[in-house]
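Chemist: Protein sequence lines correspond, in order, to chains A and B.
In terms of this note's numbering, the first sequence is residues 215 to 434.
In terms of this note's numbering, the second sequence is residues 108 to 314.
Glycine residues also receive a C-beta, built at the ideal position from the N, C-alpha and C atoms.
What you are looking at is a predicted structure, and each value in this text was computed from that prediction instead of being measured.
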Amino acid sequence: MGSCSIKGCCSRASEWAKPVKDGVTVENPVLAHALGICSALAVTGYVATTLVMDAALLFVASLSCMFVSMLRSVVPGRVRLIAQMLIISTLVILVHLFLRAYYFDMSRDLGPYVGLIITNCLILGRCEGYAMRNPPLRSFLDGLGAASGYALVLLAISLLREPLGHGTLLGKAIMPEAFEPTMLVSAAPGAFLAMGVIVWIVRSIWPEEISDEHPEAGAQ
Amino acid sequence: MTTETSIGGLAVILLAAIITNNILLSKFLGMCSFIAISRKMRTAVGMGLAVTFVTFCTAMINYGIYYGVLVENAPLCRTDLSHLTFVVFIMLIAAFVQFVEMVIERFSPVLYINLGIYLPLITVNCAILGVNLFMIDPDKNFNFAQTATYGLGSGIGWLLAIVLMAGIRARLEEADIPRPLRGLGITMIVTGLMALAFMGFTGVVDL
């Protein structure tokens, strides 16, 4: 980051960037903790739907973490899961209505999977694990970082699945005429296999600090 | 396409929900718990049965709420409240799971201790909310009996998938898997192969 005349500015900048950067690489929630793959794999058949889903996730994750953090001292312990889900549901409804109003075709393509962001373990995990203990701005960045990591994985999967499964990219045909799209890739199994391959590649590149224990199942 | 409410029609929905439209292997729902819990067969079966029960019951209750209150010109509320569907459904699921947890704690403390942390985890199981959202799909136009059957079938389908996975993972413990593939990677690939196998049933029944 070059020469910085203001003392401490660079270290503070990188301090803010750390949650985001970590969310993408080392602490990538999908690859490290297998969180939240649930609903979003369904939309990875096309890059366009994946991008919309990514945007929705970034919006919901960052803002819900921020709001949960702002309310963390007033929510009683017993109902905190319900409170978090209320906040997340409200944001998801906003996204859903926005899509239905302005991008109806896309909303129909995504189907009920936008609504399923509510039960996305990733967002709930970050709310519970980070936002309940940290100030709002950091929680916002943490949510953003975790969702970014997730978004990148989904994007990678869709970049594998759309060309191979449909022969197109963002709707435009890019494969040669003679190419026959494979149904294996465009249908459900393709998503799982693509995800497995991506996990394989990423874990080969960054093998340190990746645990394959799901945090919830830790007590076995 | 509306199937009739005869026993045959319901059997078709049941079979389709379990096999051809398996909530996990073709609709990708319920994976978080699936990956975490399928390590041991006993917990897998327990979780699967719990999910089946909750899915079956909440599908019926939410059907009643949706068509009784939320839609336009419903018997209990004239205004269109369907934009609240997400919140109402998930709140009901959370409340129901809480209720089940209390009942189990009261009547079978052994079961309560065995299920441990997994009971609250059922609330956030995408499969349950997913089934609830799929059943109100206007393309399908289910009536109550069909919804109940669909809920039951989806739960059983999820149970089937998780039990199969637990069995496979027990075998995988002995296998020599490359380090980057261990854990999540191989689970995904195995799930893909399972989904492929279930895809072979496509066309046997149509939902």
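#1: For the alpha helix (DSSP H) that residue 380 of chain A lies in, which residues bound it at each end?
#2: Once you ignore the five residues that flank residue 232 of chain B on each side, which residues in its own chain have a CB closer than 7 Å to its CB?
#3: Just to check my reading of the structure: residue 174 of chain B and residue 181 of chain B have Cβ atoms closer than 8 Å, yes? What is that Cβ distance to the nearest angstrom?
#4: For a contact meaning CB atoms closer than 9 Å, what does residue 237 of chain B contact in chain A?
#5: Let me check one thing: in DSSP terms, what residues is residue 312 of chain B bridge-paired to?
#6: Taking the alpha-carbon of residue 151 of chain B as reference, which of B:272, B:297, B:285, B:227 has the nearest alpha-carbon?
#7: Using a cut-off of 7 Å between C-beta atoms, extract the partners of residue 306 of chain A located in chain B.
#8: Measure from the alpha carbon of residue 301 of chain B to the alpha carbon of each residue in A:409, A:402, A:413, then state which is nearest.
#9: For residue 305 of chain A and residue 266 of chain A, which I take to be in contact (beta-carbon distance under 8 Å), what is that distance rounded to the nearest angstrom?
#10: Go through its chain and collect everything with a Cβ distance to residue 126 of chain B's Cβ below 8 Å, but skip five positions before and after it.
#11: Got a sec, what are the start and stop residues for the alpha helix (DSSP H) residue 283 of chain A sits in?
#12: Buried or exposed for residue 260 of chain A, please, with buried defined as at least 16 other CB atoms from any protein chain shown within 10 angstroms of its CB.
#13: Please work out which residues of its chain come closer than 7 Å, Cβ to Cβ, to residue 179 of chain B, disregarding the five sequence neighbours upstream and downstream, and give them in chain order.
#14: Just the chain A side, please: which residues come within less than 8 Å of residue 303 of chain B by C-beta, in chain order?
#15: May I ask which residues mark the beginning and end of the alpha helix (DSSP H) holding residue 118 of chain B?
#16: List, in order along the chain, the chain B residues whose C-beta lies closer than 7 Å to that of residue 417 of chain A?
#17: Tell me, which residues are paired with residue 383 of chain A by DSSP?
#18: Work out the CA separation of residue 410 of chain A and residue 293 of chain B for me, nearest whole Å.
#19: Which residues mark the beginning and the end of the alpha helix (DSSP H) in which residue 282 of chain B is found?
#20: Using a 10 Å radius around the Cβ and a threshold of 16 neighbouring Cβ atoms, would you call residue 385 of chain A buried or exposed?
#21: Anything in chain A within Cβ reach of residue 298 of chain B, meaning under 7 Å, just list it in chain order.
#22: What are the residues in the region 286-311 of chain A lying within 8 Å of chain B by C-beta distance?
#23: By alpha-carbon positions, which one of B:146, B:163, B:295, B:299 ends up nearest to residue 262 of chain B?
#24: Taking the alpha-carbon positions, what's the residue 430 of chain A to residue 368 of chain A distance?
#25: Grouping DSSP H, G and I as helix and E and B as strand, with all else coil, what is residue 393 of chain A?
#26: How many angstroms separate the CA atom of residue 215 of chain A from the CA atom of residue 419 of chain A?
#27: What in chain A is Cβ-close to residue 132 of chain B, meaning under 9 Å?
#28: Compare the C-alpha of residue 295 of chain A against each of A:329, A:262, A:346 and name the closest.
#29: Counting beta carbon pairs with one atom in the region 216-227 of chain B and one in the region 312-324 of chain A, are three or more of them shorter than 8 Å?
#30: Got a sec? Which residues, its chain only, sit under 7 Å from residue 383 of chain A by beta carbon, not counting five neighbours each side?
#31: Return the first residue and the last residue of the alpha helix (DSSP H) that residue 159 of chain B is part of.
Modeler: Inspection of the coordinates gives the following:
#1: What you label residue 380 of chain A is simply residue 166 of the first sequence in a count that begins at 1. Where residue 380 of chain A is concerned, the enclosing alpha helix (DSSP H) stretches over 350-380.
#2: Residue 232 of chain B sits at position 125 when you count from the first residue of the second sequence. The answer, listed in chain order, is 137, 140, 158.
#3: Residue numbering aside, residue 174 of chain B sits at position 67 when the second sequence is read from its first letter. Residue numbering aside, residue 181 of chain B sits at position 74 when the second sequence is read from its first letter. Indeed they touch by this definition, with Cβ atoms about 6 Å apart.
#4: Within the second sequence, the letter at position 130 stands for residue 237 of chain B. Here the neighbours are 252, 253, 326, 327, 329, 330, 333.
#5: Taking the second sequence and counting its residues from 1, one reaches residue 312 of chain B at position 205. Note: residue 312 of chain B sits in a beta bridge opposite B:309.
#6: Counting from one through the second sequence, the residue named residue 151 of chain B turns up at place 44. For the residues B:272, B:297, B:285, B:227, the minimum Cα distance to residue 151 of chain B belongs to B:272.
#7: To locate residue 306 of chain A, count along the first sequence from 1; it is residue 92. In chain order: 193.
#8: Counting from 1 along the second sequence, the entry for residue 301 of chain B is found at position 194. Minimum Cα distance to residue 301 of chain B is reached at A:402.
#9: To locate residue 305 of chain A, count along the first sequence from 1; it is residue 91. To locate residue 266 of chain A, count along the first sequence from 1; it is residue 52. With 8 Å as the limit, residue 305 of chain A and residue 266 of chain A do not qualify as a contact, their Cβ atoms being about 15 Å apart.
#10: Counting from 1 along the second sequence, the entry for residue 126 of chain B is found at position 19. The answer, listed in chain order, is 264, 305, 308, 311, 312.
#11: To locate residue 283 of chain A, count along the first sequence from 1; it is residue 69. Unbroken alpha helix (DSSP H) run through residue 283 of chain A: 261-284.
#12: One-based indexing of the first sequence puts residue 260 of chain A at position 46. Under this definition residue 260 of chain A is a buried residue.
#13: Taking the first residue of the second sequence as 1, we reach residue 179 of chain B at position 72. Excluding sequence neighbours, residue 179 of chain B sits near 187.
#14: Taking the first residue of the second sequence as 1, we reach residue 303 of chain B at position 196. Simply 398, 403.
#15: Numbered from 1 along the second sequence, position 11 holds the residue referred to as residue 118 of chain B. Residue 118 of chain B: member of the alpha helix (DSSP H) spanning 114-122, first to last residue.
#16: Within the first sequence, numbered from 1, the residue matching residue 417 of chain A stands at position 203. Correct list: 287, 292.
#17: Here residue 383 of chain A corresponds to residue number 169 of the first sequence, with the count starting at 1. In DSSP, residue 383 of chain A forms a bridge with A:386.
#18: Here the question's residue 293 of chain B lines up with position 186 in the second sequence. Here the question's residue 410 of chain A lines up with position 196 in the first sequence. So the alpha carbons of these two residues sit roughly 7 Å apart.
#19: Position 175 of the second sequence, counted from the start, is the residue given in the question as residue 282 of chain B. From DSSP, residue 282 of chain B is part of no alpha helix (DSSP H); its letter is neither H nor E.
#20: Mapped onto the first sequence, residue 385 of chain A falls at position 171. Residue 385 of chain A is exposed by the Cβ-count criterion.
#21: For the purposes of this step, residue 298 of chain B is identified with residue 191 of the second sequence, where counting begins at 1. Ordered by position in chain A, the residues that pass the 7 Å Cβ test against residue 298 of chain B are 406.
#22: In summary, the residues of the region 286-311 of chain A whose CB is separated from some CB of chain B by less than 8 Å are 295, 296, 299, 300, 303, 304, 306, 307, 310, 311, in the order they occur in the chain.
#23: Here residue 262 of chain B refers to the residue found at position 155 of the second sequence. Minimum Cα distance to residue 262 of chain B is reached at B:163.
#24: Counting from 1 along the first sequence, the entry for residue 430 of chain A is found at position 216. Counting from 1 along the first sequence, the entry for residue 368 of chain A is found at position 154. Because the pLDDT of residue 430 of chain A is 37, which lies under 50, any placement of that residue in the model is unreliable, and the question is left without a value.
#25: As a working mapping, residue 393 of chain A is identified with position 179 in the first sequence. Three-state result, residue 393 of chain A: coil.
#26: If you number the first sequence from 1, residue 215 of chain A lands on position 1. If you number the first sequence from 1, residue 419 of chain A lands on position 205. Any reading at residue 215 of chain A must be qualified, since the residue scores a pLDDT of 39, below 50, and its modelled position is unreliable; the value itself is stated next. Computed Cα separation, rounded: 25 Å.
#27: Mapped onto the second sequence, residue 132 of chain B falls at position 25. Contact of residue 132 of chain B with chain A by beta-carbon distance below 9 Å involves 402, 403, 406.
#28: Numbered from 1 along the first sequence, position 81 holds the residue referred to as residue 295 of chain A. Taking only the C-alpha atoms, the option nearest residue 295 of chain A is A:346.
#29: Segments in contact, no.
#30: In the first sequence, residue 383 of chain A corresponds to position 169, counting from 1. Cβ neighbours of residue 383 of chain A beyond the five flanking positions: 261, 376, 377.
#31: Residue 159 of chain B sits at position 52 when you count from the first residue of the second sequence. That run of the alpha helix (DSSP H) goes 148-172.
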